[in-house]
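Report on the structure given below.
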Amino acid sequence: MVIGYGSPVSDRKRKFSPGSPHIASAKRSKKPGLRIGGLPTDILSSITSKLPLKEAARTSILSSQWRRIWLCRPNIDLSYHTLLSQSDDARRWTTRRNILNRLKFIKSVGEVLQQHEGLGTESIRISFHLCDRYADHMDKWMKYTIASKAKGLILELLSVNFGPTIVRYNFPLQMLDTKKNSSLRRLRLHFVSLCPPADFRGFQNLTRLCLQDVSITNEDLQRLLSEGNHLECFRIACCETLTSLKIPHYVNRLKFLLVLSCPLLQDISLDCDVPALHYRGPLIPLKLAAPSKLTNLWIMLPSCHSALGFISSELPTTIRHLEKLRLCCSQFEGTDVVSRLRSFLSLRQLILDLTITDLPRRTIDILDLGYLLEAAPFMEKLELHMVMRCLHKRYRPEDGELRSLPSCPHSHLSLVTITGFIGEKDQLELALHILRNAMVLKALKIYPRPCAVDSVPARLRPEERIADGRSVALEFLAKSDHRNVVEVIAAFNLPW
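Under the working numbering, the first residue of the sequence shown is numbered 43, with each subsequent residue one higher.
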């Protein structure tokens, strides 16, 4: 068989000499590929720091160059999920496996910290089920944190898998002496015990402190907040031994204070000018410096006789510069406080989260909330979130003429949001009062569905209530809107 010169077979079988122009052309067309190993070490360290710890550690087997790159991590996260395997997680619900996992975790933390360079460490997080039995290991970890000049430390010693007689780890506060550590700025402690030594001089360099489920006495807390500290943010939650919280006047840099669910807490006294306070728990006395510079207040109460009653009677009279107030409570009765309602001339934003539990509807009149327009003449934004845990009756014309409050023109209120609008008569009356008196109103948003979708029991027929709220808003409220500011939002399009 004769094979022609230009055939495909002849092209495949032809051989070219080393000097052939075909070979030279092939060499010129070949481009060098990008090799990640050729990047500078600091860039490689930045890349591996974005990976989970277990994934980053695997890069150490690539070559001798990669052996220590993964250790240069600004944020060290040492937890169950970052150090233990999936097989450990699947079998952790047995006592023996818990013990083995705990020992494996302690060994892994020690190995990581021993290999880590320590330079450029921004924060360290250690999260596992540990107690005072392993204090020697944790003391070494705390010493490493201080030596590494880390700026943040999170120590979460979760309380599960322990018996009722467990002894908490006594956090070594003496290691945070100013002379020994000037770098730590953020500290978060969970399930530890705090007992400051007699010569403890306080957190001289910390700006953020969070104590959660920490065992501490009133006196020891006062030692922590000693004179000369620089705290800007202080959070304390679920501390079951605390009975009184007093923030002294010399904590004058504090900008935010959060107090959550401390069951034995009986009073809060603030002698410093903290601008923002968030509190969740039962109603207790709140004492503020006079005059107080508090501008942002968020109160979450498990129950409250009346939201208006709390605003008029329970808020300290020293609050004169309050700009934002959020009150969350369950209201189970009404009260006549219209004549004693105080004026809040600095208030710009008011948020009310109310769970109405009046069974049947006899004492609580939602229309009374309309008096807040008079009490806060410079308010610009109002949010009213309602959950109606009561017998429902949709408004119909045969139920009687709609009531109205005395005219109270408001020249600053521009945005109003009402959720949980289910078409009750007093709800409609309040919305109409706002619509008629807010002179610069730009938007009145009505959401028939409440914020908490599962907050209304099935026996109260929540979907039927939502449909009633939408129809009442469209039939009576939208018809009174001559400025096109009313917007009835579809049931599932919540603002968040």
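Ideal Cβ placement from N, Cα and C applies to all residues, glycine included.
Quick check on residue 194: does DSSP put it in helix, strand or coil? Three-state result, residue 194: strand.
What residues in its chain sit with their C-beta under 7 Å from that of residue 210, if we drop five residues either side in the sequence? Excluding sequence positions up to five before and after residue 210, its CB lies within less than 7 Å of the CB of 173, 174, 233, 234, 235 and 257, all in the same chain and listed in chain order.
Item checked: Cβ-based neighbour list, residue 318, same chain, cut-off 6 Å, excluding 5 preceding and 5 following -> A distance below 6 Å between beta-carbons, with the five flanking residues on each side excluded, links residue 318 to the following residues of its chain, in chain order: 298 and 338.
What are the uninterrupted segments assigned as alpha helix (DSSP H) that are 4 or more residues long and contained completely in the segment 379-422, given in chain order? Runs found: 414-417.
Mind checking residue 308: buried by the 16 CB within 10 Å criterion, or exposed? So residue 308 ends up on the exposed side.
Next on the checklist: Please return the same chain residues whose Cβ sits closer than 8 Å to the Cβ of residue 365, not counting the five positions on each side in sequence.
Outcome noted: Cβ-Cβ distances below 8 Å link residue 365 to 337, 338, 388, 389, 390 and 391 in the same chain, with the five nearest sequence neighbours on each side left out; the list follows chain order.
**Prompt:** By Cβ distance below 7 Å, which residues in the same chain neighbour residue 126 in space, the five residues on each side in sequence not counted?
**Reply:** Taken in chain order, the residues that qualify are 143, 146 and 147.
- Message: Tell me the residue span of the beta strand (DSSP E) that contains residue 461.
- Response: That run of the beta strand (DSSP E) goes 457-461.
| said: Using CA atoms only, rank isn't needed, just tell me which of 434, 315 and 491 is closest to residue 459. | reply: Minimum Cα distance to residue 459 is reached at 491.
Q.
Please classify residue 516 as buried or exposed, where buried requires at least 16 neighbouring CB atoms within 10 angstroms.
A. Residue 516 is exposed by the Cβ-count criterion.
Self-check item: Limits of the unbroken alpha helix (DSSP H) element including residue 184
Solution: From DSSP, the alpha helix (DSSP H) with residue 184 extends over 177-189.
query = So, using beta-carbon positions, are residue 415 and residue 450 closer together than 8 Å?
reply = Note that the C-beta distance between residue 415 and residue 450 is below 8 Å.
Exercise. Nearest to residue 201 by alpha carbon, out of 231, 192 and 188?
Worked result: Nearest option by C-alpha distance: 231.
Q. Ordered along the chain, which non-local residues of its own chain (more than five positions away) have a Cβ less than 7 Å from that of residue 332?
A. Within the same chain, residue 332 has close Cβ partners 360.
**Item:** Buried versus exposed, by CB contacts within 10 Å (16 or more), residue 55
**Value:** With a pLDDT of only 45 at residue 55, under 50, the local geometry of the prediction cannot be trusted, and no value is derived from it.
Practice item. Kindly indicate which residue of 165, 503, 473 and 249 has the alpha-carbon position closest to the one of residue 489. Key: Measuring from the Cα of residue 489, the nearest candidate turns out to be 473.
Can you list, in chain order, the residues of its chain with a C-beta nearer than 8 Å to that of residue 306? Leave out the 5 residues immediately preceding and following it. Taken in chain order, the residues that qualify are 282, 283, 284 and 285.
Exercise. Thinking just about the alpha-carbon of each residue, which of 429, 163 and 265 is nearest to the one in residue 504?
Worked result: Residue 429 is the option with its Cα nearest to residue 504.
For a test of the three-state rule: what should DSSP assign to residue 154, helix, strand or coil?
Looking at residue 154 - three-state DSSP - the assignment turns out to be helix.
State the CB to CB distance for the pair residue 192 and residue 164, rounded to an integer number of angstroms; the pair is presumed to be in contact (CB under 8 Å). Yes, they are in contact, since the Cβ atoms of residue 192 and residue 164 sit about 7 Å apart, within 8 Å.
Collapsed DSSP secondary structure at residue 246 in the structure displayed:
Assigned with DSSP and collapsed to three states, residue 246 falls in coil, not helix or strand.
For residue 68, the three-state DSSP class (helix, strand or coil): For residue 68, the pLDDT reaches just 49, beneath the cut-off of 50, and the residue's location in the model is therefore unreliable, leaving the point undetermined.
Neighbour-count burial assignment, residue 532, 16 or more Cβ in a 10 Å radius: That one is exposed.
message: Just checking residue 147 against the ligand GTP - is the residue's beta carbon closer than 7 Å to any of the ligand's heavy atoms?
response: The ligand GTP is absent from the structure shown, which contains no ligand whatsoever.
Measuring straight from C-alpha to C-alpha, what distance separates residue 508 and residue 424? Whole-angstrom Cα-Cα distance: 21 Å.
* Asked: Across which residues does DSSP place residue 234 in a beta bridge pair?
  -> According to DSSP, residue 234 bridges with 211.
Neighbour-count burial assignment, residue 405, 16 or more Cβ in a 10 Å radius
Under this definition residue 405 is an exposed residue.
Residue 354 beta carbon less than 8 Å from that of residue 383 = Cβ atoms of residue 383 and residue 354: closer than 8 Å.
Quiz item: residue 448 to residue 310, Cα distance in whole Å?
Solution: Distance between the alpha carbons of residue 448 and residue 310: 38 Å.
>> Among 386, 269, 259 and 253, whose alpha-carbon lies nearest the alpha-carbon of residue 247?
In response: Ranking 386, 269, 259 and 253 by CA distance to the CA of residue 247 puts 269 first.
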